[in-house]
Amino acid sequence: MGHLDHAAYGWLTPVLSYAMASLGAALGLRCTVRALAATGRSRRNWLLTAASAIGTGIWTMHFVAMLGFSVTGTEIHYNVPLTILSLLVAMAVVGAGVFAVGYGRDRGRALVLGGLTTGLGVASMHYLGMAALRLHGTIGYDPVTVGLSVAIAVVAATAALWAALNIKSPAAVAVASLVMGAAVSSMHYTGMAAVAVTVTPSDTPLPGATAMQFVFPLAVGLGSYLFLTSAFVALSPTAGERAASAHARSLGGRAAAH
Numbered sequence: 048m049g050h051l052d053h054a055a056y057g058w059l060t061p062v063l064s065y066a067m068a069s070l071g072a073a074l075g076l077r078c079t080v081r082a083l084a085a086t087g088r089s090r091r092n093w094l095l096t097a098a099s100a101i102g103t104g105i106w107t108m109h110f111v112a113m114l115g116f117s118v119t120g121t122e123i124h125y126n127v128p129l130t131i132l133s134l135l136v137a138m139a140v141v142g143a144g145v146f147a148v149g150y151g152r153d154r155g156r157a158l159v160l161g162g163l164t165t166g167l168g169v170a171s172m173h174y175l176g177m178a179a180l181r182l183h184g185t186i187g188y189d190p191v192t193v194g195l196s197v198a199i200a201v202v203a204a205t206a207a208l209w210a211a212l213n214i215k216s217p218a219a220v221a222v223a224s225l226v227m228g229a230a231v232s233s234m235h236y237t238g239m240a241a242v243a244v245t246v247t248p249s250d251t252p253l254p255g256a257t258a259m260q261f262v263f264p265l266a267v268g269l270g271s272y273l274f275l276t277s278a279f280v281a282l283s284p285t286a287g288e289r290a291a292s293a294h295a296r297s298l299g300g301r302a303a304a305h
């Protein structure tokens, strides 16, 4: 059995991965709040942005945390197509959940369906990302711990979608995003606790790319996307602010006419 280290760089990767998950959640929740106050194409666009933000945040959390994962006796590489597929899966399933909430007429049923879909998708993203690992040996999983990680993912996703429906103020969204970030991180490390690696020493070069060759640049790029999109959303006026501005212009126009 190879010795597994989930924090090879100390607290750096757990803290940074938690920050990424929280940032993605905060941005996604703010976009969902904007979407629920909008109609037509604007609602769709806000929901798409929310899905990409939450999906990107979850994926970045996973792979930033994986930068700190090491196994004694073997290098670790990543299958590039599978890793990219895990990102697309994260965005797609989060999008399905967000759109179910954004357009569902029965909010209760939409919340349950969206939470289940998104939670299972988040778990699928995690284990698809784990399937992308290439090392000298075999990876096994404890089924009970895997089941617990999936349950955490479903509960976390449902709670996040509930927050999107019921929490409006920026302060409440900030608190909800920190809670969601903690839940996503808990799901990740619970899933990693299920992992056991049997190392088979070998001098054969591993296929795929190292974390620093592929995962790190992609995570940095997606993290930058989250920060830039957060700035855009923060500076974009809400529906209430636009209505207030239009009302003020209307009053100004009438005053000028008199």
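Numbering-wise (my numbering), the sequence shown opens with residue 48 and increments by one. All C-beta atoms, glycine included, are put in the ideal place defined by N, C-alpha and C.
Close Cβ partners of residue i (< 7 Å) along its chain, the five nearest in sequence each way excluded
{"i": "L134", "result": "W106"}
{"i": "L70", "result": "G104, L273, S277"}
{"i": "A223", "result": "L76, A210, I214"}
{"i": "V280", "result": "L74, R77, C78"}
Under 9 Å between C-beta atoms of residue i and residue j
{"i": "L114", "j": "L175", "result": "no"}
{"i": "A243", "j": "I186", "result": "yes"}
{"i": "M234", "j": "V169", "result": "yes"}
{"i": "A82", "j": "L273", "result": "no"}
{"i": "T2", "j": "L163", "result": "Because the chain in this structure spans residues 48 to 305, residue 2 falls outside the shown range and cannot be described."}
{"i": "T121", "j": "V140", "result": "no"}
{"i": "V220", "j": "V80", "result": "yes"}
{"i": "D52", "j": "F116", "result": "yes"}
{"i": "L269", "j": "T103", "result": "yes"}
{"i": "Y56", "j": "G228", "result": "no"}
{"i": "M177", "j": "G255", "result": "no"}
{"i": "R152", "j": "L253", "result": "no"}
{"i": "S216", "j": "M108", "result": "no"}
{"i": "A200", "j": "H183", "result": "no"}
{"i": "I123", "j": "T257", "result": "yes"}
Status (buried if at least 16 other CB within 10 Å, exposed otherwise) for residue i
{"i": "Y125", "result": "buried"}
{"i": "T245", "result": "exposed"}
{"i": "S292", "result": "Here the model assigns S292 a pLDDT of 45, short of 50, so the residue's position is not dependable and the matter cannot be decided."}
{"i": "A295", "result": "Residue placement at A295 is poorly supported in this model, since its pLDDT is 48, which falls under 50; the coordinates are not used for a value here."}
{"i": "R77", "result": "buried"}
{"i": "G194", "result": "exposed"}
{"i": "E288", "result": "Only weak support is given to the placement of E288: the predicted model assigns it a pLDDT of 47, under 50, and the value that follows is read from those uncertain coordinates. E288 is exposed by the Cβ-count criterion."}
{"i": "S271", "result": "exposed"}
Check: residue i C-beta below 8 Å from any heavy atom of the ligand ADP
{"i": "V197", "result": "The ligand content of the structure shown is nil, which means the ligand ADP is not present either."}
Terminal residues of the beta strand (DSSP E) in which residue i lies
{"i": "Y188", "result": "184-188"}
Neighbourhood of residue i by C-beta distance below 6 Å, restricted to the same chain and skipping five residues each side
{"i": "G161", "result": "G144, A147, V148, L208"}
{"i": "A230", "result": "A203"}
{"i": "G12", "result": "Look at the range of the chain in this structure, 48 to 305, and you will see that residue 12 is not part of it."}
{"i": "V197", "result": "A170"}
{"i": "G142", "result": "A98"}
Nonlocal neighbours in the same chain, by C-beta distance under 8 Å from residue i, ignoring five residues either side
{"i": "L63", "result": "V111"}
Straight-line gap, residue i to residue j (C-alpha atoms, nearest Å)
{"i": "Y236", "j": "W58", "result": "13 Å"}
{"i": "A54", "j": "T86", "result": "45 Å"}
{"i": "Q260", "j": "G155", "result": "44 Å"}
{"i": "L95", "j": "S249", "result": "45 Å"}
{"i": "L265", "j": "A179", "result": "15 Å"}
{"i": "V159", "j": "A218", "result": "25 Å"}
{"i": "A73", "j": "N92", "result": "17 Å"}
{"i": "R90", "j": "L275", "result": "20 Å"}
{"i": "A137", "j": "H50", "result": "29 Å"}
{"i": "Y150", "j": "T192", "result": "34 Å"}
{"i": "A157", "j": "T251", "result": "50 Å"}
{"i": "V267", "j": "M67", "result": "10 Å"}
{"i": "R88", "j": "I131", "result": "28 Å"}
{"i": "L225", "j": "F263", "result": "23 Å"}
Residue range of the unbroken alpha helix (DSSP H) whose run includes residue i
{"i": "I101", "result": "87-113"}
{"i": "Y174", "result": "154-178"}
{"i": "V262", "result": "Per DSSP, V262 belongs to no alpha helix (DSSP H) and is neither H nor E."}
{"i": "T251", "result": "Run containing T251: none; DSSP gives neither H nor E here."}
{"i": "I131", "result": "127-150"}
{"i": "T79", "result": "59-83"}
{"i": "T119", "result": "No alpha helix (DSSP H) contains T119, which DSSP labels as neither H nor E."}
{"i": "A221", "result": "217-240"}
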